[in-house]
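Q: My questions will all concern the structure given below.
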Amino acid sequence: MFFAERSIFFLIYGIVKLNNDSHNLVGVKKMGSNLTDVVIKRWQSLPSNYSEADLAMNLMPLIWDAIGLNFNQIKAGGLGAGIGLRPDYLIYNKLNEPPRIVVEIKKRTQLFYDAQEQGFSDFCQQQRLYKDAIGYNSAGNNGIKQYLDNTKVPLDYLAAYGWVFNGDFFQVWRRVDGLVFPLTPVLKVTAANFSKLLHQLEYCLTPQRALVTAIWNQKGGVAKTTNTINLGAALATEGKKVLLIDLDPQTDLTRGLKAKILVKNYLKECSDKIQVKNDKSAKNILNNAVHVRNFPTSDSQPFSLSVLPGETDELRGFRDNPDFPDKLKRSFIEKIINLLSEDYDYIFIDASPITDVLSAAMLASCDTILIPVDYDKKSLHHAAAVDGLIPKLRNLSVKNEKLPVVPWNLGLVFSNCPAEKGSILQNHIDNTIKQLNFTGKPYKTELKIYAQAKVAEFSQAPVICWHKSPITK
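In terms of our numbering, the sequence shown has 1015 at position 193, counting the first letter as 1, and numbering is strictly consecutive.
Listed below in structure tokens is the structure:
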């Protein structure tokens, strides 16, 4: 393990939320322990081989009851006439809105029943039954990936979450626009973690929070901040509500967008309110601290970006404050991001490449991570270190969290690329990625060096403001 990777792992080791505030449930009837016990006893009585129909008849009604669903919130049937997609259930929060969860049930088998909890996720990845449940690419198979596909499913039937279950495995998937990814690892059903299973279903019924993403590498100079600004801007031009958060003491993002400091020491002010559980006041402070920047474009299609700016002295003071342990600092930042996530579609966090409590809090708060690299071999090695860190965080989170959300690796994006790299350099890059066992996929689109990108930096505006520039196409 690289030194920096090992350091950040131990920084995040206290990832357990002090009071689990990050995933408090709003508007959902809380499950009672007696109902949970009833479900567990029924599940324990099931045979090791059990059909989908039997699971649906004899176990699923108790699960729906345990999370407080009414019968009219649960529907079976297809996802629209003529498209041939028929999940087992659609779960609604409000009947006049699209479903919140699409559910795929698979039969229980002796193979999964006998599988050990340790290494269960790796075991599932090799099994056809699990692959069928999630919609692994195979001819004629439909699963969660297909049921959450916004190019196939009409909006009236398009859920925000997917859930797979067979009596021995369960997993939550999430959809944000066209992006579909596993929100949690696939877990083994046990009596000890049945409450975790129910909690995850409850979470899926709560109001949708923003997709929180970091564009991050442990090597500097790979266009981390530039990509954060311009990807956020591209989504904003599509009508999405986007917030950019600057947690890097260098504050390049804040300067890069000419964002104003509207509330001095907002981190300290919010932390004080969070400590006394005054979330409403903390949220008011955050709302006042966010600077909304409006940008014109050359095609007369203006857009806006919300920025929570950073101030070097404040970020360093918060990071180095000896009065608070690192675990508490992380919990403050996670709570701040959670409070803000109610109001946006996308949140991007810019953090320092160095190992500190701010970057640790960023990783603990993210749903997804995109790793920027250039053609430098060192950037690929640091990217592999980040990639290797994610499974370790996932294993830790599974042990300690009811909702073990760990960043999903969206892959590599090559930035600062010369116009031509040639086949020899490409072969070196491909071989290095293979040797490092990088699990994410490199994006085919490579962000080349354009003068217009530098003009945008001097103008303190996203490059998409100049829509005719080659870099925006």
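Cβ coordinates follow ideal geometry from the N, Cα and C atoms, glycine included.
Please read these numbers as outputs of a predicted model, since none were measured by experiment.
With residue 1248 as the anchor, note down where its alpha helix (DSSP H) starts and where it stops.
A: Segment 1244-1257, the alpha helix (DSSP H) holding residue 1248.
Q: Please determine, among 909, 1232 and 941, the residue with the shortest C-alpha to C-alpha distance to residue 1039.
A: Among 909, 1232 and 941, the Cα nearest to that of residue 1039 is on 1232.
Q: Anyone know if the C-beta pair for residue 1239 and residue 1202 falls short of 8 Å?
A: No, they are not a contact pair.
Q: Below 8 Å between beta carbons: does that hold for residue 976 and residue 902?
A: Yes, these two residues count as a Cβ contact at 8 Å.
Q: Taking the alpha helix (DSSP H) that residue 1050 belongs to, which residues open and close that run?
A: Segment 1046-1058, the alpha helix (DSSP H) holding residue 1050.
Q: To the nearest angstrom, report how far apart residue 848 and residue 1162 are at their CA atoms.
A: The predicted position of residue 848 is uncertain, since its pLDDT is 37 and thus under 50; no value can be drawn from it.
Q: Looking at C-alpha atoms only, which residue of 1098, 1115 and 1092 is the closest neighbour of residue 1104?
A: The shortest C-alpha separation from residue 1104 is found at 1092.
Q: Would you give the residue range spanned by the alpha helix (DSSP H) that residue 1036 belongs to?
A: Premise fails: residue 1036 lies in the beta strand (DSSP E), 1033-1037, not in any alpha helix (DSSP H).
Q: From 1020, 1125, 990 and 985, pick the residue whose C-alpha is nearest to that of residue 1005; which is it?
A: When each option's Cα is compared against that of residue 1005, the closest is 985.
Q: Taking three-plus beta-carbon pairs below 8 Å as touching, is the region 1122-1135 in contact with the region 1075-1082?
A: The region 1122-1135 is in contact with the region 1075-1082.
Q: Would a C-beta distance cut-off of 8 Å place residue 1180 and residue 1235 closer than the cut-off?
A: Not in contact: residue 1180 and residue 1235 (Cβ atoms no closer than 8 Å).
Q: Measure how close the beta-carbons of residue 989 and residue 972 come, nearest whole angstrom, since I'm counting them as under 8 Å.
A: That belief does not hold up - the Cβ atoms of residue 989 and residue 972 are roughly 30 Å apart, past 8 Å.
Q: Among 930, 922 and 886, which has the Cα closest to the Cα of residue 874?
A: Closest by alpha carbon: 930.
Q: Would you mind sorting residue 1058 into buried or exposed? The rule is 16 or more other CB atoms within 10 Å of its CB.
A: Buried, by the Cβ-count rule.
Q: For the alpha helix (DSSP H) containing residue 1156, name the first residue and the last one.
A: Run containing residue 1156: 1148-1162, per the alpha helix (DSSP H) assignment.
Q: What number of angstroms, rounded off, separates the C-alpha of residue 889 from the C-alpha of residue 1102?
A: Distance between the alpha carbons of residue 889 and residue 1102: 27 Å.
Q: Which class does residue 1279 belong to by DSSP, given the choice of helix, strand or coil?
A: Helix at residue 1279.
Q: Per DSSP, what are the beta-bridge partners of residue 995 in this structure?
A: Residue 995 is bridged to 984 and 1004.
Q: Alpha carbon to alpha carbon, how far is residue 887 from residue 1089?
A: Each residue's alpha carbon lies about 41 Å from the other.
Q: Could you name each continuous alpha helix (DSSP H) segment of 4 residues or more that falls completely within the region 904-950, going from the start of the chain to the end?
A: Segments of the alpha helix (DSSP H) lying fully in the region 904-950: 932-936 and 942-947.
Q: Just how far apart, CA to CA, sit residue 1197 and residue 1288?
A: Going by the C-alpha atoms only, they are around 26 Å apart.
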